[in-house]
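Please read the structure below before turning to the comments.
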Amino acid sequence: MEFFERFAIPHPSFLIYMAMISIVLGAIVIVAGITYFKKWGYLWREWITTVDHKKIGIMYLIVALVMLFRGGVDAVMLRYQLAMPENTFLDSQHYNEVFTTHGVVMILFMAMPFIIFFFNFLVPLQIGARDVAFPRLNSLSFWLFFMGMGLFNLSFIVGGSPDAGWTSYFPLAGNEFSTSVGTNYYMISLQIAGLGTLMTGINFMTTIFRMRAPGMTLMRMPMFTWSALIANVIIVFAFPVLTVALAMGTLDRLAGTQFFTTDNGGMDMLWANLFWVWGHPEVYILILPAFGLYSEIIPVFARRNLYGYTSMVFSMIIISVFSFGVWTHHFFTMGQGALTNSVFSITTMAIAIPTGVKIFNWLFTLYKGKIEMTTPMLYAMLFIPLFTLGGVTGVMLAMSAADYQYHNSMFLVAHFHNVIIPGVVYAMLAGLTFYWPKLFGFMLNEKIGKATAWVMSIGFVLAFIPMYITGLDGQPRRGYTYSEVTGYSTLNMVAFIGSIIMTISFLMLVYNIYYSFRYASRDISSDPWDARSLEWATNTPIPEYNFAVTPQIKSREAFWDHKYGGKDMDLFAGQKIERIHMPNKSGVPFIMNVFFFILGFCLIFSIWIGAIIGLIGVLGCMLHRSFEDDHGFYFEVEEIEEIEREKRGAIK
Amino acid sequence: MKAKMKGTLFATMMALSAIVLGACEPLLVLDPKGPQAQRQADDTMLLIYVMSAIVIAVFTIMAVMLYKYRASKQSPDYEPPHIEGNMLVEAICIGIPVIIVIFLSVVSVKSNYIVEAVPQGYEDTEPLVVYASSSNWKWHFSYPEENIETVNYLYIPAGRALEFRLYSHGPITSFWIPQLGGQKYAMADMETVLHLAADQPGEFMGRNGNFSGVGFAENTFLTTAMTQAEFDEWVQEVHETAEPLTEEIFEELLEPGHLGTSTYTGTHLEFSPPPGPHSPVSERDPNAEVGHE
Numbered sequence: 001m002e003f004f005e006r007f008a009i010p011h012p013s014f015l016i017y018m019a020m021i022s023i024v025l026g027a028i029v030i031v032a033g034i035t036y037f038k039k040w041g042y043l044w045r046e047w048i049t050t051v052d053h054k055k056i057g058i059m060y061l062i063v064a065l066v067m068l069f070r071g072g073v074d075a076v077m078l079r080y081q082l083a084m085p086e087n088t089f090l091d092s093q094h095y096n097e098v099f100t101t102h103g104v105v106m107i108l109f110m111a112m113p114f115i116i117f118f119f120n121f122l123v124p125l126q127i128g129a130r131d132v133a134f135p136r137l138n139s140l141s142f143w144l145f146f147m148g149m150g151l152f153n154l155s156f157i158v159g160g161s162p163d164a165g166w167t168s169y170f171p172l173a174g175n176e177f178s179t180s181v182g183t184n185y186y187m188i189s190l191q192i193a194g195l196g197t198l199m200t201g202i203n204f205m206t207t208i209f210r211m212r213a214p215g216m217t218l219m220r221m222p223m224f225t226w227s228a229l230i231a232n233v234i235i236v237f238a239f240p241v242l243t244v245a246l247a248m249g250t251l252d253r254l255a256g257t258q259f260f261t262t263d264n265g266g267m268d269m270l271w272a273n274l275f276w277v278w279g280h281p282e283v284y285i286l287i288l289p290a291f292g293l294y295s296e297i298i299p300v301f302a303r304r305n306l307y308g309y310t311s312m313v314f315s316m317i318i319i320s321v322f323s324f325g326v327w328t329h330h331f332f333t334m335g336q337g338a339l340t341n342s343v344f345s346i347t348t349m350a351i352a353i354p355t356g357v358k359i360f361n362w363l364f365t366l367y368k369g370k371i372e373m374t375t376p377m378l379y380a381m382l383f384i385p386l387f388t389l390g391g392v393t394g395v396m397l398a399m400s401a402a403d404y405q406y407h408n409s410m411f412l413v414a415h416f417h418n419v420i421i422p423g424v425v426y427a428m429l430a431g432l433t434f435y436w437p438k439l440f441g442f443m444l445n446e447k448i449g450k451a452t453a454w455v456m457s458i459g460f461v462l463a464f465i466p467m468y469i470t471g472l473d474g475q476p477r478r479g480y481t482y483s484e485v486t487g488y489s490t491l492n493m494v495a496f497i498g499s500i501i502m503t504i505s506f507l508m509l510v511y512n513i514y515y516s517f518r519y520a521s522r523d524i525s526s527d528p529w530d531a532r533s534l535e536w537a538t539n540t541p542i543p544e545y546n547f548a549v550t551p552q553i554k555s556r557e558a559f560w561d562h563k564y565g566g567k568d569m570d571l572f573a574g575q576k577i578e579r580i581h582m583p584n585k586s587g588v589p590f591i592m593n594v595f596f597f598i599l600g601f602c603l604i605f606s607i608w609i610g611a612i613i614g615l616i617g618v619l620g621c622m623l624h625r626s627f628e629d630d631h632g633f634y635f636e637v638e639e640i641e642e643i644e645r646e647k648r649g650a651i652k
Numbered sequence: 001m002k003a004k005m006k007g008t009l010f011a012t013m014m015a016l017s018a019i020v021l022g023a024c025e026p027l028l029v030l031d032p033k034g035p036q037a038q039r040q041a042d043d044t045m046l047l048i049y050v051m052s053a054i055v056i057a058v059f060t061i062m063a064v065m066l067y068k069y070r071a072s073k074q075s076p077d078y079e080p081p082h083i084e085g086n087m088l089v090e091a092i093c094i095g096i097p098v099i100i101v102i103f104l105s106v107v108s109v110k111s112n113y114i115v116e117a118v119p120q121g122y123e124d125t126e127p128l129v130v131y132a133s134s135s136n137w138k139w140h141f142s143y144p145e146e147n148i149e150t151v152n153y154l155y156i157p158a159g160r161a162l163e164f165r166l167y168s169h170g171p172i173t174s175f176w177i178p179q180l181g182g183q184k185y186a187m188a189d190m191e192t193v194l195h196l197a198a199d200q201p202g203e204f205m206g207r208n209g210n211f212s213g214v215g216f217a218e219n220t221f222l223t224t225a226m227t228q229a230e231f232d233e234w235v236q237e238v239h240e241t242a243e244p245l246t247e248e249i250f251e252e253l254l255e256p257g258h259l260g261t262s263t264y265t266g267t268h269l270e271f272s273p274p275p276g277p278h279s280p281v282s283e284r285d286p287n288a289e290v291g292h293e
């Protein structure tokens, strides 16, 4: 009996029981549904074992959308709790768990897979490649991420969620003050998912450096691919820090080491430093691909080339370097003294310069353009003013002396939501709407789409602008309640209303997908937006090998010039169809990660025998791979010709 | 039309914040009662002005672009030109932000040295040293010179420099009295120093600004600034009425939970010494551990 007690939720409530029931029922419905429609084989053959970058991308997308929903529910619960003074909807422990999971889920299991979806789906297409450099590794990355995500979400119903904030500062997250397994979940599931992200970084760096189509020099790459390259370089440099920090934290919690304890030579400030040495570059990993997407979308709908391509590239490179030199601004108040704070204050403000350059370049891309306000463009045009607001409050926070007053207050919360939502979330939704026809062969409804963007922005302004004000009035972040006399109640109620309006906008997005799925025309071209870069040169749906013949790149906007630049710009001129070498499917990455899941779960609960079994399984799968003879397969010429004929004569 | 809608949106937003700002009491951070908070409030206002100028510039450029170059205003066969970029324009886009950042950097560095030193204008006063240490979820204020200790309330003399030495008996917390000055962390293995001063007598909200577990939200204390004479009188009174702080009582106080206010003679610093500033780990006295076992 004692063995099973550890799996119980330490702090159960009606909400958690409801969640348990709904998760169990949901799982039963899904399993029964797949069995009833006999889709297990299809699922295994077409999705679980796939190494196709486009399908892996779509799986990332599905996880991101589900996690957006989960993190969003968390957010509304938080705002409802604070809408009224001394509200009793959530107690302190629950509130702590909810804001912790909200942060982790939104950053690591919503925003990260969303951008990795775009890496996967777009990068090989934009550089004219057939797949990523290491397709099997790509599958492994996804399943590592997926199992990490699954493990983290399991905490809600087995053993209890982490409750020390998404930053998980020690010693609060140490054994002394955090006695449930919640923080074990944090350490282990982020470790597993983080390994997946690290491999993604290596994979895409290699892909972009090694697999570009002939003629595509670095300075001819589409801007999204540039942003992906920089983001993946940051991943490769930043994520090992997280890996090490999490390993040390795990050892502290499971093996009794003293890295981050406050006595016996441990140092809690070390965790904060390591966390932010990863954590600050992490926000640039999120925002740079978002910038890349805006840089794709704005030229298409301004009907003009991107202004200042070179300065866009160099501003991103500068941002990536600076991103590693500012982490201390997350704790100016730790007592490093005036000199250290001054250095980090200046480096932080300096980042505003390349970011400003990008904003001005987008604005000048509109100059002499022919602007069409489609849904993706609307998101981009709402992004610029809202993000500017978030950016300038970032400069305020960078003033270290004044930051003593903003630090850990609602002002900070308002700031980072003000950059992440218009910056990252809008970019993801704009990109999703923009690439939806390439993904699924029909367009999302424009009317509903535009309404969604407006409603979301109104909700956003109402939800987050009040927090700047209550922050300056001394409302701290992460406080589950406040008293009437503080005077925070009106503005917090406004913020709650804003969060409801934002929820409505997300439901509108879901409705749009449903509506368009039912009613949208399937008779669209493979280039419905009249776009500019190479991914639109493919057929829709995109064949597994992407391009029947390898495109020859002669300019920066290859596809645009192919369409309008005359004969000598023809992408596929003089090319003959040849047999195409493609990678084989494999179930090993999935099986290996089932063992990773077992390993992680058993570590969380200190079930050592299970952990050893899981580890043996993982190593066994690696061993299998080492001895596996896998040369891939070929699409023969006749096969390709048939596929291309079916796709309505795409070869010219 | 779209630009107009956007304009309306932001006008509404600005109006809304103006109403909210106007209707309420002044915000704590912008209502300073001491020199450090004054400096921070001045910086904040300066930043708000500079940043508003930038925001207005960006909004204006954007509104003009969206108005002038939208498709509905142009002939259907208009072909937008190919423009690579212009050195002069880019130099301006880099140059102006560089100037702004240099200006703000100078202000920032100056302010850093001001808030990290004895408050300006108070250099002649002898600073009152107060050890402020947090435990789950209380604040302990030890006055070594006066040899008294309070829990969850802070009495200070106005018009005199205050030197708070901060540390924690548990998780990282942050000592914050918004109207007197910004916060600083209190940690178990390093003592930090925060220089404050109150210009006038008055009552100020103080709290822990850094999440520290279940009792964090209520981890607050009331700060009362009074004249030096009143302060001396209070110290005198404490010595006459309060009971001495023993190790047993202090251990009880450290138990996790919330407590009301209480007052003692003597401080816990004698039997439970603070960690000291920046002490290298190797040199720390193992018997001088703070925090509970």
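The listed protein sequences correspond, in order, to chains S and B.
The first sequence maps to residues 1 to 652 in UniProt numbering.
The second sequence maps to residues 1 to 293 in UniProt numbering.
For every residue, glycine included, the Cβ atom is placed at its ideal position computed from N, Cα and C.
From a predicted model like this one, the values you see are computed outputs, not experimental measurements.
Give the C-beta separation of residue i and residue j to the nearest angstrom, bearing in mind that I take them to be a contact with Cβ-Cβ under 8 Å.
i: residue 142 of chain B; j: residue 169 of chain B; result: The Cβ separation is near 12 Å, so there is no contact.
i: residue 243 of chain S; j: residue 195 of chain S; result: 7 Å
i: residue 286 of chain S; j: residue 48 of chain S; result: Actually they are not in contact, since the Cβ atoms of residue 286 of chain S and residue 48 of chain S sit about 28 Å apart, beyond 8 Å.
i: residue 364 of chain S; j: residue 307 of chain S; result: 4 Å
i: residue 165 of chain B; j: residue 274 of chain B; result: 7 Å
Over what stretch of residues does the beta strand (DSSP E) that includes residue i continue unbroken?
i: residue 135 of chain B; result: 128–135
i: residue 205 of chain B; result: 202–208
i: residue 581 of chain S; result: 580–582
i: residue 186 of chain B; result: 181–186
i: residue 165 of chain B; result: 161–168
Residue i lies in the alpha helix (DSSP H); which residues open and close that run?
i: residue 218 of chain S; result: Careful: residue 218 of chain S lies outside any alpha helix (DSSP H) and carries neither H nor E.
i: residue 2 of chain S; result: 2–5
i: residue 239 of chain B; result: 228–241
i: residue 206 of chain S; result: 182–210
i: residue 143 of chain B; result: Segment 138–143 is the beta strand (DSSP E) holding residue 143 of chain B; no alpha helix (DSSP H) there.
i: residue 114 of chain S; result: 112–126
i: residue 264 of chain B; result: Premise fails: residue 264 of chain B lies in the beta strand (DSSP E), 262–265, not in any alpha helix (DSSP H).
What would DSSP say about residue i, mapped onto helix, strand or coil?
i: residue 149 of chain B; result: strand
i: residue 176 of chain S; result: coil
i: residue 424 of chain S; result: helix
i: residue 586 of chain S; result: coil
i: residue 66 of chain S; result: helix
i: residue 247 of chain S; result: helix
i: residue 70 of chain B; result: strand
i: residue 133 of chain S; result: coil
i: residue 13 of chain S; result: coil
i: residue 193 of chain B; result: strand
i: residue 607 of chain S; result: coil
i: residue 60 of chain S; result: helix
i: residue 634 of chain S; result: strand
i: residue 291 of chain B; result: Low per-residue confidence applies at residue 291 of chain B: pLDDT is 40, beneath 50, and the placement is therefore not dependable enough to give any value.
i: residue 294 of chain B; result: What is shown of chain B runs 1 to 293, which leaves residue 294 of chain B out entirely.
>> Which complete alpha helix (DSSP H) runs does the region 434–470 of chain S hold, if anything under 4 residues is left out?
In response: If we require 4 residues or more, the region 434–470 of chain S turns out to have no alpha helix (DSSP H) run fully inside it.
>> Closer than 8 Å is the cut-off here; do at least three beta carbon pairs connect the region 212–220 of chain B with the region 87–104 of chain S?
In response: The answer is yes - the region 87–104 of chain S touches the region 212–220 of chain B, with three or more Cβ pairs under 8 Å.
>> Would you call the region 429–442 of chain S in contact with the region 372–391 of chain S, where contact means no fewer than 3 C-beta pairs closer than 8 Å?
In response: Yes, they touch.
>> Counting beta carbon pairs with one atom in the region 503–515 of chain S and one in the region 201–210 of chain B, are three or more of them shorter than 8 Å?
In response: The region 201–210 of chain B and the region 503–515 of chain S do not touch, with fewer than 3 CB-CB distances between them shorter than 8 Å.
>> Threshold first: 4 residues or longer. Then list the alpha helix (DSSP H) segments lying entirely within the region 25–86 of chain B, N to C.
In response: Secondary structure in the region 25–86 of chain B: the alpha helix (DSSP H) runs of 4 residues or longer, each lying completely within the stretch, are 35–68 in chain order.
> Which residue spans inside the region 337–378 of chain S form an unbroken alpha helix (DSSP H) run of at least 4?
Replying inline: Here the runs fully enclosed are 338–366.
> Is it true that the region 205–216 of chain S meets the region 518–531 of chain S, where meeting means three or more beta-carbon pairs spaced less than 8 Å apart?
Replying inline: By the Cβ criterion, the region 205–216 of chain S is not in contact with the region 518–531 of chain S, since fewer than three pairs of Cβ atoms, one from each stretch, lie closer than 8 Å.
> Touching or not, the region 611–630 of chain S and the region 588–603 of chain S, by the rule of three or more beta carbon pairs under 8 Å?
Replying inline: As far as the Cβ criterion goes, the region 611–630 of chain S touches the region 588–603 of chain S, which means the pair count is three or higher.
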